[in-house]
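Notes for the one structure printed next.
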Amino acid sequence: MISIAHPAVAAASGPALGCPFAGVKPSPLPPPPTTPIDSDRDDSFPRCPFAFSARSSSPRLAIIEQARTRDRVDSDDLPPPTPPPLEPADRLLESLLRLHLRPTTPSYRTSPLATSFSWSDVAAHLPLELDKTFYVVAFRSVRSEHAHAPTLYDADALAHEEARTSGGILSYWYGDLDGDTRRCLAMCVWADREWARKAVHGPRHARAMRLASTMYETYSLERYWLRKVAGVEGLTVDQIL
Numbered sequence: 003m004i005s006i007a008h009p010a011v012a013a014a015s016g017p018a019l020g021c022p023f024a025g026v027k028p029s030p031l032p033p034p035p036t037t038p039i040d041s042d043r044d045d046s047f048p049r050c051p052f053a054f055s056a057r058s059s060s061p062r063l064a065i066i067e068q069a070r071t072r073d074r075v076d077s078d079d080l081p082p083p084t085p086p087p088l089e090p091a092d093r094l095l096e097s098l099l100r101l102h103l104r105p106t107t108p109s110y111r112t113s114p115l116a117t118s119f120s121w122s123d124v125a126a127h128l129p130l131e132l133d134k135t136f137y138v139v140a141f142r143s144v145r146s147e148h149a150h151a152p153t154l155y156d157a158d159a160l161a162h163e164e165a166r167t168s169g170g171i172l173s174y175w176y177g178d179l180d181g182d183t184r185r186c187l188a189m190c191v192w193a194d195r196e197w198a199r200k201a202v203h204g205p206r207h208a209r210a211m212r213l214a215s216t217m218y219e220t221y222s223l224e225r226y227w228l229r230k231v232a233g234v235e236g237l238t239v240d241q242i243l
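In our numbering, the protein residues as written are 3 to 243.
Have a look at this one:
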């Protein structure tokens, strides 16, 4: 059973980079470079990058606003939150996502998340009595034609490794970059939203954010609850607005 809540994607016109977490106040972004970026090596990185972003043409201002309106707090004024400990169900879902999560339509880059992936295949291996809610962040982007692929790849890899070290990330899924439209989709599944909030305090995330202005033409960031209800087969994927 898959349900969709408010499938409309909020479009944006700002760049972003890093692992998609939640409600972030990053380090200041530098001005765009004054010299052209060599894009000859663009094809050397055909995958879609890990993505931090906010729904605005001004990444820093929008991210600060998200932190204030969603969490009612400026994250720089508080220490990183303490997430709940991981449970056996988290480890089980981590394994199942690795084995069974895949897109079910070629249009997954722009289609609703709930109907574009094999959530039912994942859910088929979960205990019927499991009752738990997970947290998902999806990042849809159009990469800049001038984005420097090796720099993007390095920042992505370091931010991802930092997230794994921080803990709580169960899956980082990314699709192929569409060669014609430069569209892509990446998503993270977290054991809990607090794990995602904790991870954004890492220095590699801050470094990735400083590359934001050169990497994307447009993007949108979507957050979801991924729910397994006790006694009910399947997973529900509900967007958080």
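The beta-carbon is built from N, C-alpha and C at its ideal position, and this holds for glycine as well.
Item to check | For S122 and H102, the rounded distance between their alpha carbons | outcome: Along the sequence shown, one-based indexing puts residue 102 at 100. Along the sequence shown, one-based indexing puts residue 122 at 120. Rounded to the nearest angstrom, the two C-alpha atoms are 9 Å apart.
Item to check | First through last residue of the alpha helix (DSSP H) which encompasses E163 | outcome: Counting from one through the sequence shown, the residue named residue 163 turns up at place 161. First-last of the alpha helix (DSSP H) with E163: 151-168.
Checklist entry - Do R93 and A161 have their C-beta atoms closer together than 7 Å? => result Position 91 of the sequence shown, counted from the first residue, corresponds to residue 93. Position 159 of the sequence shown, counted from the first residue, corresponds to residue 161. Contact flag unset, no.
Item to check | From C186, R184, A201, residue whose alpha carbon lies closest to that of W192 | outcome: Position 190 of the sequence shown holds residue 192. Per the Cα distances, A201.
Checklist entry - What did DSSP end up calling T112 once you bin it into helix, strand or coil? => result On the sequence shown, residue 112 is found 110 positions in, with the first residue counted as 1. Correct three-state label for T112: coil.
Next on the checklist: Is it buried or exposed, T238, if we count other Cβ atoms within 10 angstroms and call 16 or more buried?
Outcome noted: As a position in the sequence shown, residue 238 is number 236, starting the count at 1. Its Cβ being crowded by 16 or more others within 10 Å, T238 is buried.
Checklist entry - So, are the CB atoms of L98 and V124 less than 7 Å apart? => result Within the sequence shown, the letter at position 96 stands for residue 98. Within the sequence shown, the letter at position 122 stands for residue 124. Yes, Cβ-Cβ distance for L98 and V124 is below 7 Å.
Checklist entry - Going by DSSP, which residues form a beta bridge with D123? => result If you number the sequence shown from 1, residue 123 lands on position 121. Looking at the DSSP assignment, D123 forms no beta bridge with any residue, so it has no partner.
Next on the checklist: Let's see if you can read the secondary structure: which residues bound the alpha helix (DSSP H) around L172?
Outcome noted: The residue you call residue 172 lines up with position 170 of the sequence shown. Looking at the DSSP string, L172 is not in any alpha helix (DSSP H); the run it does join, the beta strand (DSSP E), is 171-176.
Checklist entry - Quick one, are the C-beta atoms of L187 and R111 less than 7 Å apart? => result Taking the first residue of the sequence shown as position 1, residue 187 is located at position 185. Taking the first residue of the sequence shown as position 1, residue 111 is located at position 109. Yes, they are a contact pair.
Checklist entry - Which one of F119, L132, P87, A116 has the shortest CA to CA distance from V231? => result Within the sequence shown, residue 231 is the residue found at index 229, counting from 1. Minimum Cα distance to V231 is reached at L132.
Item to check | Distance CB(R100)-CB(V144) smaller than 7 Å | outcome: As a working mapping, residue 100 is identified with position 98 in the sequence shown. As a working mapping, residue 144 is identified with position 142 in the sequence shown. Not in contact: R100 and V144 (Cβ atoms no closer than 7 Å).
Checklist entry - Per DSSP, S222 forms a beta bridge with which residues? => result Within the sequence shown, residue 222 is the residue found at index 220, counting from 1. BP columns for S222 point to R142.
Item to check | For I39, three-class secondary structure by DSSP | outcome: Numbered from its first residue, the sequence shown carries residue 39 at position 37. Because the pLDDT of I39 is 34, which lies under 50, any placement of that residue in the model is unreliable, and the number read from its coordinates should be weighed accordingly. Note: I39 maps to coil in three-state DSSP.
Checklist entry - Using CA coordinates, which residue listed in P129, D158, A91, P85 is at the minimum distance from A208? => result Here the question's residue 208 lines up with position 206 in the sequence shown. Here the closest residue by C-alpha is D158.
Item to check | Among G177, G236, L223, the one whose alpha carbon lies nearest that of P108 | outcome: Here residue 108 corresponds to residue number 106 of the sequence shown, with the count starting at 1. When only C-alpha atoms are compared, the closest one is G177.
Checklist entry - Within this structure, are the beta carbons of R104 and S120 separated by less than 7 Å? => result What you label residue 104 is simply residue 102 of the sequence shown in a count that begins at 1. What you label residue 120 is simply residue 118 of the sequence shown in a count that begins at 1. Going by C-beta atoms, R104 is nearer than 7 Å to S120.
Item to check | P129 and W197 closer than 7 Å at C-beta | outcome: If you number the sequence shown from 1, residue 129 lands on position 127. If you number the sequence shown from 1, residue 197 lands on position 195. The answer is no: Cβ separation not under 7 Å.
Next on the checklist: When you compare the CB positions of S146 and M217, do they come within less than 7 Å of one another, or not?
Outcome noted: Here the question's residue 146 lines up with position 144 in the sequence shown. Here the question's residue 217 lines up with position 215 in the sequence shown. In this structure, M217 lies closer than 7 Å to S146 by Cβ.
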